[in-house]
Amino acid sequence: MPRSSASTRSSPTFWTRTCLMTRTMTTEPGSPAGPERLIGGGLPRQGGHVADEELMRQAIDVAHSTSPGDVPVGALVVDADGAVLATATNRREQDADPLAHAEVLALRQATKVLGDSWRLERCTLVVTLEPCAMCAGAALGARVGRIVFGAYEPRTGACGSVWDLPREAPLHKAEVRGGVLQPECEQLLRGFFEKLR
Numbered sequence: 000m001p002r003s004s005a006s007t008r009s010s011p012t013f014w015t016r017t018c019l020m021t022r023t024m025t026t027e028p029g030s031p032a033g034p035e036r037l038i039g040g041g042l043p044r045q046g047g048h049v050a051d052e053e054l055m056r057q058a059i060d061v062a063h064s065t066s067p068g069d070v071p072v073g074a075l076v077v078d079a080d081g082a083v084l085a086t087a088t089n090r091r092e093q094d095a096d097p098l099a100h101a102e103v104l105a106l107r108q109a110t111k112v113l114g115d116s117w118r119l120e121r122c123t124l125v126v127t128l129e130p131c132a133m134c135a136g137a138a139l140g141a142r143v144g145r146i147v148f149g150a151y152e153p154r155t156g157a158c159g160s161v162w163d164l165p166r167e168a169p170l171h172k173a174e175v176r177g178g179v180l181q182p183e184c185e186q187l188l189r190g191f192f193e194k195l196r
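Structure follows, in structure tokens:
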């Protein structure tokens, strides 16, 4: 069930409030808390995870390679050690496939890399735009442990903006953090849509 009415979601106040909030819905059991520190590969770790900001920078770089005509969204799937298993961009227009969202493509690629299971329980999905219901559902279906996103999507966001599937799911719940490098992620989208006008 949607969290807010359509008229509320389209108001400037809703957009401002949505774009300014950053949430961490749950914490991973056993994650060490404390200051940022370096781990293997030189990536900073914070709270037991490779720094979300560094991963989001990588997702932004991936989004820049989106084919012309597709909305520039980049996604990564990262394992528990911070190794990137898969990257993808939106390919809906390029492939004429309504399911070719960056998140779905990255999840599919990650399971092929792992090869032994479709379960991505200790993995993190990092994406420049809040996942829609389809993509949030795919992440939950793949048993992703964390979802990290940049820009909030006040019209179709399913990780807190309109719906909150990761927290409301009856079987598998995922930790969610939104608003990571939000201004940079929003600029990607703004630049794309300004060119269409």
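Quick note: the sequence shown, position 29, residue 28 per numbering that gives the first Met the number 0, numbers continuous. Ideal placement from N, C-alpha and C gives every residue a C-beta, glycine not left out.
Going by DSSP, which residues form a beta bridge with D78? Looking up residue 78 in the sequence shown gives position 79. For D78, which the question treats as bridged, DSSP gives no partner whatsoever.
For E185, the three-state DSSP class (helix, strand or coil): Here the question's residue 185 lines up with position 186 in the sequence shown. Note: E185 maps to helix in three-state DSSP.
Using a 10 Å radius around the Cβ and a threshold of 16 neighbouring Cβ atoms, would you call Q186 buried or exposed? Position 187 of the sequence shown holds residue 186. Q186 is exposed by the Cβ-count criterion.
Is it true that the stretch 49 to 60 meets the stretch 92 to 99, where meeting means three or more beta-carbon pairs spaced less than 8 Å apart? no
On a Cα-Cα basis, can you pick out the residue from A150, A58, I146 and F192 that is closest to H171? Looking up residue 171 in the sequence shown gives position 172. When only C-alpha atoms are compared, the closest one is I146.
Assuming V76 and L124 form a contact by the criterion Cβ under 8 Å, report the distance between their Cβ atoms to the nearest whole angstrom. Stepping through the sequence shown from its first residue, residue 76 is reached at position 77. Stepping through the sequence shown from its first residue, residue 124 is reached at position 125. The Cβ separation is near 6 Å, so the contact holds.
Suppose the cutoff is 6 Å on Cβ atoms and the five residues either side in sequence are ignored; what does the same chain contact list for G156 look like? As a first step, residue 156 is located in the sequence shown; it is residue number 157 there, counting from the start. Closer than 6 Å at the Cβ level, and outside the excluded window around G156, lie E129.
Just to confirm, is the Cβ distance from P70 to F191 under 8 Å? Locating residue 70 in the sequence shown gives position 71, where the first residue counts as 1. Locating residue 191 in the sequence shown gives position 192, where the first residue counts as 1. According to the sequence provided, residue 70 is Val. The question's Pro does not apply to it. Yes, the pair counts as a contact, with Cβ atoms nearer than the cut-off.
In the DSSP output, which residue or residues are listed as bridge partners for F191? Here residue 191 refers to the residue found at position 192 when the sequence shown is read from its first residue. Looking at the DSSP assignment, F191 forms no beta bridge with any residue, so it has no partner.
At which residues does the beta strand (DSSP E) containing L113 begin and terminate? Walking along the sequence shown from the start, residue 113 turns up at place 114. Premise fails: L113 lies in the alpha helix (DSSP H), A101 to L113, not in any beta strand (DSSP E).
What whole-angstrom Cβ distance do A173 and R121 have, given they're in contact under 8 Å? To locate residue 173, count along the sequence shown from 1; it is residue 174. To locate residue 121, count along the sequence shown from 1; it is residue 122. Their Cβ separation, rounded to whole angstroms, is 12 Å, which puts A173 and R121 out of contact at 8 Å.
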